[in-house]
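A.B. asks: If you read the sequence shown in this note's numbering, its first letter stands for residue 127, the second for the next number, and so on.
C-beta: ideal position from N, C-alpha, C; glycine also.
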Amino acid sequence: MSNSFQRIGAKSNAQVGRDFENAALQFFKSQDLILKKNIKIKVGIEETPKKFHAFDLGCKEQKIIVECKSHKWTSGGNVPSAKMTVWNEAMYYFAILPDNFKKIMFVLYDYNEKREETLAQYYLRTYEHLVPKTVEFWEYKEGVSAKILYPKKSF
């Protein structure tokens, strides 16, 4: 039985996510950032009791947190709406993460020729109002490198 929501050629979507996290670990290692998986940090709103939330990658000592998303446009070139809500949730957790943490949203480069933009560019164009100013958006092109899309650098 096939799953129409599973990435073509993948064993499972969970495996796709784990593979992307491993690629992110290797990329950051090449940048001299040694991160670990499944970093738990206490978060909460204002004076409410804090609870642990597990972030994909990070380093408590260096105060760096990374969320990894390997989502792609749908096979028909449409917006993966449900996946965008997952990105919005990540923005919420970044917003309530202590301010002294560096926050990185590390996403897979996926270009849509019809729309002439990547999924990350689409997200930032559509949902920038939900992105905390302290979050960096890094777009990773497999086998090539990564570039920072946000915040926009002005020269």
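Please confirm if residue 176 has its CB atom under 8 angstroms from at least one CB of chain B.
C.D. replies: Chain labels in this structure do not include chain B; a single protein chain is all it has.
A.B. asks: Return the chain-ordered list of same chain residues with a C-beta closer than 6 angstroms to the C-beta of residue 258, the five sequence neighbours on each side being excluded.
C.D. replies: 220 and 221
A.B. asks: Alpha carbon to alpha carbon, how far is residue 165 from residue 182?
C.D. replies: 7 angstroms
A.B. asks: So, with DSSP's three-state summary, where would you put residue 280?
C.D. replies: Caution is warranted here: a pLDDT of 49 is assigned to residue 280, below 50, making its placement in the model unreliable, and the coordinate value is therefore given only provisionally. Three-state DSSP puts residue 280 in coil, outside helix and strand.
A.B. asks: To which residues of the same chain is residue 177 closer than 8 angstroms at the C-beta, ignoring the five residues directly before and after it?
C.D. replies: 168, 169 and 170
A.B. asks: How should residue 195 be labelled, buried or exposed, when 16 other C-beta atoms within 10 angstroms of its C-beta is the threshold for buried?
C.D. replies: buried
A.B. asks: Could you check how far apart the C-beta atoms of residue 193 and residue 231 are, in whole angstroms? I think they sit under 8 angstroms.
C.D. replies: 5 angstroms
A.B. asks: With a CB to CB cut of under 8 angstroms and the five nearest residues on each side skipped, what residues in its chain are close to residue 225?
C.D. replies: 260
A.B. asks: Let me know if residue 277 comes out buried or exposed under the rule of 16 or more other beta-carbons within 10 Å of its beta-carbon.
C.D. replies: exposed
A.B. asks: Flag this pair as yes or no: are the beta carbons of residue 228 and residue 190 separated by less than 8 angstroms?
C.D. replies: yes
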